[in-house]
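Residue numbers (our numbering): 3 to 134.
The beta-carbon is built from N, C-alpha and C at its ideal position, and this holds for glycine as well.
Bear in mind the structure is a predicted one, so any value in this text is a computation, not a measurement.
Right, one structure below, let's go through it.
This is how it looks when you write it as structure tokens:
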């Protein structure tokens, strides 16, 4: 069910930030790896977890030296935070998943979770931007 719902969520999530793609130094292109991280937190821990996700993983990504483009989306009604991360050719998901900075953030988040993280892997096959 989660994968079925996600197929409809990813295009909408990417479209939310599509206008900012041109301002980024890296634009995802066909063949680039994509990782989707679905996180659900305890209601009382949601706000703190959301901050740790965005700030903590953001810093860990910078420290990793990889070139990335990441969107953070959230649903406060379900206490979910979803990260959609595009990896530039030459940077690997596997290296990121083993990165020490990422592991430290995961350790911080673990007691705040209501469910284990769901991690999905995809590949870019095209993109579309519209302008006004």
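Start-to-end residues for the alpha helix (DSSP H) that takes in residue i
{"i": "residue 111", "result": "102-111"}
{"i": "residue 96", "result": "95-99"}
{"i": "residue 134", "result": "Premise fails: residue 134 is in no alpha helix (DSSP H) and is neither H nor E."}
{"i": "residue 61", "result": "59-66"}
{"i": "residue 28", "result": "Unbroken run through residue 28: none, as it is neither H nor E."}
{"i": "residue 52", "result": "48-53"}
Span of the beta strand (DSSP E), counted from its first residue to its last, around residue i
{"i": "residue 39", "result": "35-42"}
{"i": "residue 72", "result": "70-77"}
{"i": "residue 87", "result": "82-89"}
{"i": "residue 121", "result": "120-125"}
Integer-rounded CB distance, given that residue j should sit under 8 Å from residue i
{"i": "residue 126", "j": "residue 33", "result": "6 Å"}
{"i": "residue 48", "j": "residue 73", "result": "Between residue 73 and residue 48 the Cβ distance is about 19 Å, and since that is not below 8 Å, they are no contact."}
{"i": "residue 42", "j": "residue 116", "result": "5 Å"}
{"i": "residue 58", "j": "residue 110", "result": "6 Å"}
Beta-carbon gap between residue i and residue j smaller than 8 Å
{"i": "residue 40", "j": "residue 119", "result": "yes"}
{"i": "residue 37", "j": "residue 121", "result": "yes"}
{"i": "residue 51", "j": "residue 114", "result": "yes"}
{"i": "residue 89", "j": "residue 95", "result": "yes"}
{"i": "residue 103", "j": "residue 79", "result": "no"}
{"i": "residue 69", "j": "residue 93", "result": "yes"}
Burial state of residue i (16 or more Cβ within 10 Å)
{"i": "residue 1", "result": "For the chain, the structure presents residues 3 to 134; residue 1 sits outside this window and is missing."}
{"i": "residue 134", "result": "exposed"}
{"i": "residue 45", "result": "exposed"}
{"i": "residue 71", "result": "buried"}
{"i": "residue 85", "result": "buried"}
{"i": "residue 25", "result": "Reliability of the predicted coordinates at residue 25 is poor, the pLDDT of 45 falling under 50, and the value obtained from them is presented with this limitation in mind. That one is exposed."}
Below-8 Å beta-carbon distance, residue i vs any chain D residue
{"i": "residue 100", "result": "Of the protein chains in the structure, only one exists, and it is not chain D."}
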